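Asks: Under our numbering, the first residue of the sequence shown carries the number 6, and numbering increases by one thereafter.
C-beta atoms are modelled at their ideal positions from N, C-alpha and C, and glycine is treated no differently.
In this text the structure is predicted, and so the values were computed from the model without any measurement.
Take a look at the following structure, please.
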Amino acid sequence: MSVLGVWVLATLLVACGGQTGVRAAPAAAADTMAAARPDSATAGLVGGGDTSLVRVAREVLPAVERESGLAATRPLAVARTTRKRLETYMLGEFEQDLPPARARAVEETYSRLGLLPDSLDLPTFLRKLYLEQVVGYYDPGRDTLYVREGVTDAEFRPVLVHEMTHALQDEHMDLDSLMRARQDDNDATTAAHAALEGQATYVMLEWLLRQRTGADVDLATMRSLVDMVSGTDLLSAGASSMPELASAPPFIRASLVFPYQAGLSFIQALWEGHPGRPAPLGVDMPTSTEQVLHPAHFLSDTRDVPTGIRFTADSASLEGGWRDAHTDDLGEFETRFFLATFLGDTARARSAARGWDGDRYRLLRRCAAGTGAAEDGPAAPSCPEAFVWASVWDGPEAAAAFSTAVDEAFAARYGSRGAGSRSGPGSPSAADTIPGAGRVITVSRATMEGRPTVLVIDRPLGVDAAPIRAAARFRLAGGS
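Written as structure tokens, this is what we have:
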């Protein structure tokens, strides 16, 4: 698991720990907590050749077990490693998680949305970013937690607590298999990361506060503190010592911090009403960022499960020379970030994205000679792209609010309020022709199987629209 956000978070929390207003627990409660800790036999669960590192790990393991609600079930090794070996491992994991072809497709998708600059080499930038503050990592294949040589006790202890939580998570649920199962669902993957990082951050935060105050801390009773941490601009706080981070596009910065901060709030809600601290694994793991952002949707008796969307034509059957360059989903988090970026109004973006119930997009490309006559102007570039985005909403009002907002956002993304036909607010469809950008944006609402849907088509000016419209046909599949 990445420790980039952990490093910044730990630094901030150590600095503010003395201002939290934490009071010591009553003696009886403290005695109960102490009695619940594993005895010295637990030391056999931590091993390794570095005696000082093993000693520290054995000291913190009981707290990690207690505060995470996860018991250690198999031995964990801790070891020091060189920065070079650590970087080699992390780069290997990076290549596995984001292979070059997928990295290019992701880069092109978010560039088309205007969330990444066209000039950005995403894989190269992310490699530099992840290696900027390398402290340690947990290798599930070896059941070993590695700490970089030269890192002091004060520096690695919070990260050790965080990464040991991930080690316990992996004991109870194979994290690699979990992520592989979700690799074609961006939003579900982000939600899983938020649950895992949120739990590990929660455990680390309690441990840090205990070290700072000497009190037994139960964050489940301290919503105001969790809200404070979740609302702090952590990455700006750490950017002065991290130049790669400071230069990151806002979308990358927000994506990095989301699992830690939104995940922390999610765990707060999960544990606030559930004594015993159920781990956010299995049935207690969220499947969408909507559930992370709005825990009540996850915790209700009728859990709000995302509605699936499937495009009816596969890539090989598309007409006009068009093929899929990439297909995935955005989810509520990325939808509202896109809206906020181009509307310039965070509150409105959050409101417009709040009724999200599922989405799917496909980035289309045609790099061979096209067929069909252009219907609206000069010839398009030799390798044009089109972006098709289908979504389903909780109700008609939510769909109407989103369709109006997304129409304005796409027009702003291309630097225009439209030079062609445009339907009024609340209309079931709207279209913008933007000659300066060479794009045509169409936003339409419809009802499908009793559910309100919105379809966005962002296509090049001067190409036959019929094959793109055909590629945009979709169906709903399950959900709520």
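1) In this structure, how does DSSP classify Ser-396 when only helix, strand and coil are distinguished?
2) Whose C-beta lies closer than 6 Å to the C-beta of Pro-472 among residues of the same chain, with five residues either side of it excluded?
3) For Leu-96, count neighbouring Cβ atoms within 10 angstroms of its own Cβ and tell me buried if that reaches 16, exposed if not.
4) If we call anything under 8 Å between Cβ atoms a contact, is Ala-477 one with Val-411?
5) In angstroms with no decimal places, state the Cα-to-Cα distance between Ala-451 and Pro-440.
6) Taking one C-beta from the stretch 228-237 and one from the stretch 257-270 each time, how about it: are there three or more such pairs within less than 8 Å?
7) Starting from Ala-267, trace the alpha helix (DSSP H) both ways and give me its first and last residue.
8) Using DSSP bridges, identify the partner residues of Arg-117.
9) Can you have a look at Ile-446 and say buried or exposed, based on whether 16 or more other CB atoms are within 10 angstroms of its CB?
10) Provide the residue(s) that pair with Ser-434 in DSSP beta bridges, ordered along the chain.
11) So, does the CB of Val-445 fall closer than 8 Å to a CB anywhere in chain C?
12) Where are the alpha helix (DSSP H) runs, 4 residues long or more, that stay fully inside the stretch 45-87, in chain order?
13) Would you identify the three-state DSSP class for Cys-21, choosing helix, strand or coil?
14) Here's a check: name, in chain order, each residue in its chain whose Cβ is nearer than 6 Å to the Cβ of Ala-357, leaving out the five neighbours to either side.
15) Among the candidates Ala-253, Gly-219, Leu-210 and Asp-463, whose CA atom is the shortest distance from the CA of Leu-230?
16) Where are the alpha helix (DSSP H) runs, 4 residues long or more, that stay fully inside the stretch 302-390, in chain order?
17) Would you tell me roughly how many angstroms separate the C-alpha atoms of Gly-54 and Thr-340, rounded to the nearest one?
18) Does DSSP put Arg-215 in a helix, in a strand, or in coil?
19) When you compare only the Cα positions, how much space is there between Asp-469 and Ala-475?
20) In the DSSP assignment, what residue or residues form a beta bridge with Arg-464?
21) So, using beta-carbon positions, are Pro-280 and Asp-289 closer together than 8 Å?
22) If you draw a straight line from the C-alpha of Thr-317 to the C-alpha of Arg-367, how long is it?
23) So which of Glu-277, Cys-372, Leu-201 and Ile-314 has the shortest CA-CA distance to Ala-301?
24) Using the Cα positions of Arg-355 and Arg-444, report the straight-line distance between them to the nearest angstrom.
25) If I follow the unbroken alpha helix (DSSP H) through Arg-478, where does it start and stop?
26) Return the residue from the list Asp-399, Phe-161, Leu-131 and Ala-259 that minimises the CA-CA distance to Thr-346.
27) Near Thr-87, which residues of its chain fall below 8 Å by C-beta distance, leaving aside the five closest residues on each side in sequence?
28) Locate the alpha helix (DSSP H) running through Arg-153, then write down its first and last residues.
29) What distance in whole Å lies between the Cβ atoms of Ala-404 and Pro-457, which are believed to be in contact at a cut-off of 8 Å?
30) Compare the beta carbon distance of Ser-320 and Asp-334 with 8 Å and say whether it is the shorter of the two.
31) With three or more beta-carbon pairs closer than 8 Å as the criterion, would you say the stretch 168-176 touches the stretch 143-153?
32) Roughly how many angstroms lie between the CA atoms of Arg-217 and Leu-58, to the nearest whole one?
33) Measuring straight from C-alpha to C-alpha, what distance separates Pro-465 and Thr-351?
34) Return the CA-CA distance between Leu-481 and Arg-308, expressed in angstroms with no decimal places.
35) Return the first residue and the last residue of the beta strand (DSSP E) that Leu-135 is part of.
36) In this structure, does DSSP put Gly-141 in helix, strand or coil?
Replies: To lay it out plainly:
1) Taking the first residue of the sequence shown as position 1, residue 396 is located at position 391. Ser-396 carries a strand assignment under DSSP once its states are collapsed to helix, strand and coil.
2) Taking the sequence shown and counting its residues from 1, the one referred to as residue 472 is at position 467. Excluding positions up to five away in sequence, the list reads Glu-324, Gly-325 and Trp-327.
3) Locating residue 96 in the sequence shown gives position 91, where the first residue counts as 1. Exposed: under 16 other Cβ atoms inside 10 Å.
4) The residue labelled residue 477 in the question sits at position 472 within the sequence shown. The residue labelled residue 411 in the question sits at position 406 within the sequence shown. The answer is no: Cβ separation not under 8 Å.
5) Against the sequence shown, residue 451 aligns to sequence position 446. Against the sequence shown, residue 440 aligns to sequence position 435. Near 27 Å, if we compare the C-alpha coordinates of Pro-440 and Ala-451.
6) Judged by pairs of C-beta atoms under 8 Å, the stretch 228-237 touches the stretch 257-270, as three or more such pairs exist.
7) Start at 1 with the first residue of the sequence shown, and residue 267 comes out as number 262. Here the alpha helix (DSSP H) through Ala-267 covers 255-277.
8) Against the sequence shown, residue 117 aligns to sequence position 112. Beta-bridge analysis with DSSP links Arg-117 to no other residue.
9) By one-based count along the sequence shown, residue 446 stands at place 441. Sixteen is the threshold: when 16 or more other Cβ atoms of the shown chains lie within 10 Å of the Cβ of Ile-446, as they do, the residue is buried.
10) Within the sequence shown, numbered from 1, the residue matching residue 434 stands at position 429. Answer is Ser-449, bridged to Ser-434.
11) Among the chains in the structure shown there is no chain C, since it carries only a single protein chain.
12) The stretch 45-87 contains these whole alpha helix (DSSP H) runs: 56-73.
13) Residue mapping note: residue 21 aligns to position 16 of the sequence shown, counting from 1. Only weak support is given to the placement of Cys-21: the predicted model assigns it a pLDDT of 38, under 50, and the question is left unresolved by the model.
14) On the sequence shown, residue 357 is found 352 positions in, with the first residue counted as 1. Residues of the same chain with a CB within less than 6 Å of the CB of Ala-357, apart from the 5 flanking positions on each side, are Leu-344, Ala-406, Phe-407 and Ala-410 in chain order.
15) Taking the first residue of the sequence shown as 1, we reach residue 230 at position 225. Nearest to Leu-230 by alpha-carbon distance, out of Ala-253, Gly-219, Leu-210 and Asp-463, is Leu-210.
16) Fully enclosed alpha helix (DSSP H) runs of 4 or longer: 336-348 and 351-358.
17) As a working mapping, residue 54 is identified with position 49 in the sequence shown. As a working mapping, residue 340 is identified with position 335 in the sequence shown. For Gly-54 and Thr-340, the gap between their C-alpha atoms comes out near 48 Å.
18) Within the sequence shown, numbered from 1, the residue matching residue 215 stands at position 210. Per DSSP, reduced to three states, the secondary structure at Arg-215 is helical.
19) Here residue 469 refers to the residue found at position 464 of the sequence shown. Here residue 475 refers to the residue found at position 470 of the sequence shown. Using only the alpha carbons, I get a separation of about 11 Å.
20) Looking up residue 464 in the sequence shown gives position 459. In DSSP, Arg-464 forms a bridge with Val-445.
21) Taking the first residue of the sequence shown as position 1, residue 280 is located at position 275. Taking the first residue of the sequence shown as position 1, residue 289 is located at position 284. No, Cβ-Cβ distance for Pro-280 and Asp-289 is not below 8 Å.
22) Translated into positions along the sequence shown, residue 317 becomes position 312. Translated into positions along the sequence shown, residue 367 becomes position 362. Cα-Cα distance, rounded: 12 Å.
23) Looking up residue 301 in the sequence shown gives position 296. Out of Glu-277, Cys-372, Leu-201 and Ile-314, Glu-277 has the C-alpha closest to the C-alpha of Ala-301.
24) As a first step, residue 355 is located in the sequence shown; it is residue number 350 there, counting from the start. As a first step, residue 444 is located in the sequence shown; it is residue number 439 there, counting from the start. Taking the straight line from one Cα to the other gives about 26 Å.
25) Translated into the one-based positions of the sequence shown, residue 478 becomes position 473. It is not in any alpha helix (DSSP H) - Arg-478 carries neither H nor E in the DSSP assignment.
26) On the sequence shown, position 341 is the one that residue 346 refers to. The shortest C-alpha separation from Thr-346 is found at Ala-259.
27) One-based indexing of the sequence shown puts residue 87 at position 82. For Thr-87, same chain residues with a beta-carbon under 8 Å away, outside a window of 5 residues either side, are Arg-153 and Glu-154 in chain order.
28) Here residue 153 refers to the residue found at position 148 when the sequence shown is read from its first residue. No alpha helix (DSSP H) contains Arg-153, which is instead part of the beta strand (DSSP E) from 149-153.
29) As a working note, residue 457 is residue 452 in the sequence shown. As a working note, residue 404 is residue 399 in the sequence shown. Taking C-beta atoms under 8 Å as the contact rule, Pro-457 and Ala-404 qualify, at a distance of about 4 Å.
30) Here residue 320 refers to the residue found at position 315 of the sequence shown. Here residue 334 refers to the residue found at position 329 of the sequence shown. No; because the gap between Cβ atoms is not below 8 Å, this pair is not in contact.
31) A contact between stretches requires three or more CB pairs, one per stretch, nearer than 8 Å, and the stretch 168-176 meets this requirement with the stretch 143-153.
32) To locate residue 217, count along the sequence shown from 1; it is residue 212. To locate residue 58, count along the sequence shown from 1; it is residue 53. Between Arg-217 and Leu-58, the C-alpha separation is close to 21 Å.
33) Within the sequence shown, numbered from 1, the residue matching residue 465 stands at position 460. Within the sequence shown, numbered from 1, the residue matching residue 351 stands at position 346. Each residue's CA atom was taken as its position, placing Pro-465 and Thr-351 some 29 Å apart.
34) Residue numbering aside, residue 481 sits at position 476 when the sequence shown is read from its first letter. Residue numbering aside, residue 308 sits at position 303 when the sequence shown is read from its first letter. Leu-481 and Arg-308: Cα-Cα distance of roughly 18 Å.
35) Residue mapping note: residue 135 aligns to position 130 of the sequence shown, counting from 1. As written in the sequence, residue 135 is Tyr, which differs from the Leu given in the question. Boundaries for Tyr-135: no beta strand (DSSP E) harbours it, while the alpha helix (DSSP H) harbouring it runs 127-136, taken from the DSSP string.
36) Mapped onto the sequence shown, residue 141 falls at position 136. DSSP places Gly-141 in strand when its eight states are reduced to three.
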